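In the working numbering, the protein residues as written are 31 to 124.
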């Protein structure tokens, strides 16, 4: 469960301050509790799940404009997941 929180925290910090997110990831990895891959995988999973949940909400939406808005929000989550998956954070950590 701690890993899920770490992944979610990394996503939040990545959006707010990417440099700080990398610094905290570096410190976390230094403790040996988690690896970079574990944190990134969990962050990607969190972003994907958020996008899927938003699409589910859009599916149930009666108002077409609200459904479209929820689809746009979902797409932002998916873009974030792809960004995390393709990030070369290992280079920044070393």
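Idealized CB from N, CA, C, for every residue including glycine. Bear in mind that the values here come from a model prediction, so they are computed numbers and not experimental data.
Taking only the alpha-carbon atoms, compute the straight-line gap between residue i and residue j and give it to the nearest angstrom.
i           : j           : result
residue 73  : residue 41  : 6 Å
residue 60  : residue 118 : 18 Å
residue 104 : residue 82  : 7 Å
residue 91  : residue 47  : 33 Å
residue 101 : residue 85  : 6 Å
residue 53  : residue 38  : 16 Å
residue 94  : residue 106 : 19 Å
Could you check whether residue j and residue i sit closer than 7 Å to each other, using their CB atoms as the reference points?
i          : j          : result
residue 77 : residue 88 : no
residue 64 : residue 55 : no
residue 44 : residue 34 : no
residue 36 : residue 69 : yes
Which word fits residue i, buried or exposed, when buried means at least 16 other C-beta atoms lie within 10 angstroms of its C-beta?
i           : result
residue 116 : exposed
residue 80  : buried
Discussion item. Below 8 Å, how does it come out for the region 107-120 and the region 56-73: are there three or more Cβ pairs, yes or no?
Written reply: yes
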